[in-house]
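In our numbering, the protein residues as written are 20 to 278.
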């Protein structure tokens, strides 16, 4: 029976059951956030991008895409502008960890044995790892010890030659790319109608001291909410990023989830 969709939630439960019960079909779980992305982009960037990467990868490796996590861990000032900015709507770490643990355990109950968490929000990383660790521990207690879970962030597949090509004037680092060239270019390639590049604020990369202060100091964050300028973003760069990241993720998952 051919799949009519790669989105798990769009299947009837008998069709879903038929695909996953033997554990051979991977589940890709996008994990995003609702977070401000400057004046020029919507607040669901961190959901739209991992879902699209998951969709493209799923078609290449015969996987299903689970509904995304649309809320993530708190925005950090040095990588997301800070949780004090309007619109950013975040979870406590314990909440995200518990929810991820529960969802992973549920997929295991269905028969799923291969899961990839596709992260789209920098600050989620360690909470994803904790959710996985707790789920695997509890599943092992219940007699399920053959799970394999991959966690990845799509930007980690952008290699040095691509970085040099996309950032000819220098690369400030992924932590300062919030709302910058990477995300804006991807959005221009995928969802141009949701980007108002004329509203983007051109500014030098944010500069932070080598320590943190809590509560955050709002004056440390550029008033735009972005941490570097998106002025050099383009749909053409977005297409390059899509190709590099999708090929890298497909290669990784083919290696970890051989058919």
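No residue lacks a Cβ here, since even glycine has one placed at the ideal position from N, Cα and C.
Bear in mind the structure is a predicted one, so any value in this text is a computation, not a measurement.
Subject >> Closest by C-alpha distance to residue 191, when choosing among 44, 131, 249 >> reply: 249
**OP:** Kindly give me the distance between the Cβ atoms of residue 268 and residue 181, rounded to whole angstroms, as I take these residues to be in contact under 8 Å.
**Re:** The Cβ separation is near 14 Å, so there is no contact.
Original post:
Is the Cβ-Cβ distance between residue 68 and residue 185 less than 9 Å?
Top reply: no
**OP:** Could you tell me the distance, in whole angstroms, from the CA atom of residue 251 to the CA atom of residue 200?
**Re:** 6 Å
Original post:
Taking DSSP as the reference, what is the three-state secondary structure of residue 190?
Top reply: coil
Subject >> Whole-angstrom C-beta distance between residue 107 and residue 71, which should lie under 8 Å >> reply: Not confirmed; about 21 Å, so no contact.
Subject >> Close beta carbons around residue 120, own chain, < 6 Å, minus the five adjacent residues each side >> reply: 150, 153, 154
Original post:
Among 123, 129, 145, 128, which one has its Cα closest to the Cα of residue 135?
Top reply: 123
**OP:** Can you tell me the Cβ-Cβ gap for residue 173 and residue 137, rounded? I've got them flagged as a contact below 8 Å.
**Re:** 7 Å
Original post:
For residue 40, which of 164, 126, 243 has the nearest alpha-carbon?
Top reply: 126
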